[in-house]
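These notes are about the structure you will find just below.
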Amino acid sequence: MSPFAEDHQKEEQPVIEIDIWKFSLSGKPDSIQNHLEDLVGEERQRIDQGIFPELGERATRSRLGLRWILADYLQCKPHEVPLMIGEHGKPELDSASPHFQNLHFNLSHCGDRALMAVSSDSVLGVDLERIRQESPIEDLAQRCFSEIEQNAWLESPADLRRVSFFHLWVQKEAMVKAHGDGMTLPLRLFSGNPDSQALEGTIASELPEIGVDLWRYHAEVCSEDLRSAIVFRGKAAKISDCDPARVGLSRW
37 MSPFAEDHQK EEQPVIEIDI WKFSLSGKPD SIQNHLEDLV GEERQRIDQG
87 IFPELGERAT RSRLGLRWIL ADYLQCKPHE VPLMIGEHGK PELDSASPHF
137 QNLHFNLSHC GDRALMAVSS DSVLGVDLER IRQESPIEDL AQRCFSEIEQ
187 NAWLESPADL RRVSFFHLWV QKEAMVKAHG DGMTLPLRLF SGNPDSQALE
237 GTIASELPEI GVDLWRYHAE VCSEDLRSAI VFRGKAAKIS DCDPARVGLS
287 RW
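My numbering puts the first residue of the sequence shown at 37, with every later residue one more than the last.
Right, dumping it as structure tokens:
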């Protein structure tokens, strides 16, 4: 049986509802200054990145977008969103805050594009990557892919191997972020699917916290050179594409 085959005999589980938000990190620098009151503490200092001002601007727009989106769910002001950093560096909501709700969220950005996923049903992770021609994919695959992944990846057509690599890479990055333990989760001890035509599937592992059929991925071809994946815990998901304009953001 294929390691990526589905087991339809297991008891059905509830459908996980996930909202995705695609928003742009581009804009005039002075537009950020008009919204600094929506940020707190050191967040207001991110715009100053020395010789790389565009990085600071994107980091600030990313945090503004995160706060505006979460404020929409929590029905509070952006600066009141009770963000905190978890044990392994993953942002989460402070359960001690009066504005707390059981929301899981994750954000990834690539260049001037950001992708955020939100759910009250499951922990999740998201990754957004550009297909980079300069990346040493053979070396990375050998170091980071499981044996199952390497064998399946090497069977892909040579002209599609780079696309297949990034299709799998976003799954693995999203899995690490969903798991929440940072890079303490060994990349080679779990397997996604390098088949770039398979936009949904399972993440499998012998690790008990991952298991054979506990986690799933949903991948997307965002553009010719841009790939994304969401990983969540459950059997199936209903994914809704939200309009960022409703919170004052622009779609990419």
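Here a beta-carbon is modelled for each residue, glycine too, at the ideal position from N, C-alpha and C. Note that this is a predicted model, so its numbers are computed, not measured.
- An exposed status is given to R179, since fewer than 16 other beta-carbon atoms sit within 10 Å of its beta-carbon.
- Nearest to A273 by alpha-carbon distance, out of A132, A153 and M120, is A153.
- For the alpha helix (DSSP H) assignment, the uninterrupted runs of no fewer than 4 residues enclosed by the segment 57-133 are, from N- to C-terminal side, 65-69 and 89-110.
- Proximity to I121 across S286, I52 and S131 peaks at S131, based on C-alpha coordinates.
- Looking at the DSSP output, N142 sits in a beta bridge with A153.
- Our two residues, P222 and V267, have alpha carbons roughly 16 Å apart in a direct line.
- For S182, there is no enclosing beta strand (DSSP E), since its DSSP letter is neither H nor E.
- Judged by DSSP in its simplified three-state form, W288 adopts coil rather than helix or strand.
- In the three-state DSSP reduction, F226 falls in the coil class, being neither helix nor strand.
- Judged by their CB atoms, R149 and L61 are nearer to each other than the 8 Å cut-off.
- With a contact defined as Cβ atoms closer than 8 Å, L204 and P230 qualify at about 4 Å.
- The beta carbon of A210 lies closer than 7 Å to those of G161, V162, D163, Y253, A265, I266 and V267 in the same chain, with the five residues before and after it left out.
- Under the 10 Å beta carbon count, E185 is surrounded by 16 or more other beta carbons and is classified as buried.
- In the structure shown, V162 adopts extended strand secondary structure according to DSSP, grouped into three states.
- In this structure, L106 and V117 form a Cβ contact; the two beta carbons are roughly 5 Å apart against a cut-off of 8 Å.
- Residue W251 holds the alpha-carbon nearest to the alpha-carbon of T238 among H140, W251 and D157.
- When rounded, the separation of the alpha-carbon atoms in Q111 and A234 is 37 Å.
- Counting along the chain, the unbroken beta strand (DSSP E) around E236 starts and ends at E236 to I239.
- Y109 is the residue among L143, I246 and Y109 whose C-alpha sits nearest the C-alpha of F136.
- Listed as beta-bridge partners of I266 by DSSP are V162 and H254.
- For S276, the enclosing beta strand (DSSP E) stretches over residues A273 to C278.
- Taking C-beta atoms as the reference points, C278 and W104 fail to come closer than 8 Å.
- Taken atom to atom, the span from the alpha-carbon of S241 to that of L190 is near 20 Å.
- In this structure, DSSP gives I173 a helical state, which the three-state scheme calls helix.
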